[in-house]
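Numbers 192 to 275, taken from this note's numbering, label the letters of the sequence shown in order. The C-beta atom is built at its ideal place from N, Cα and C for all residues, glycine as well. Because the structure is a prediction, the values reported are computed rather than measured. So the structure is just underneath, and the comments pick up after that.
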Amino acid sequence: MMRLSDTIFRAYDIRGIAGQDLTDEAAFLIGRAIGAEAREQGEKAIAVGRDGRLSSPALSQALADGLVQAGLEVYDIGLVPTPV
C-alpha cells in the first residue's frame, strides 16, 4: 500500500502536483479515510465536486471510490466554483 506524503496536507486543504504527489491512488486512500471518519460520525452520504483542471475527473472518481468503499453514498455534483 502506498504511503501518503505529509506535504500534501495543509491546515485547510490538500494540495499536490497531480500525477506526482496527488495520484488516483492517493485520492482513493484519502476518500477511504474521510469516509471512515464520516461513518463514525453517523454520516451516510457525501457530495463530491471538482474544479475544471484536466486531472479533476480522475481524482474526483478515485476519491468517490474510496468514499463508497468506506460505506458512504456519494453524490457527484460535477463542476463547482472554488472555493465552495
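- Taking C-beta separations shorter than 8 angstroms and ignoring five residues to either side along the sequence, the partners of Val239 in its chain run Ser251, Leu254, Ala255, Leu258, Val265, Tyr266, Asp267 and Ile268, following chain order.
- Assignment of Val265 by DSSP, reduced to helix, strand and coil, places it in the strand class.
- Cβ-Cβ distances below 6 angstroms link Ala209 to Ser246 in the same chain, with the five nearest sequence neighbours on each side left out; the list follows chain order.
- Taking a C-beta distance under 9 angstroms as the contact criterion, Gln260 and Gly222 qualify as a contact pair.
- Within a 10 Å sphere around the beta-carbon of Leu270 sit fewer than 16 other beta-carbons, which makes this residue exposed.
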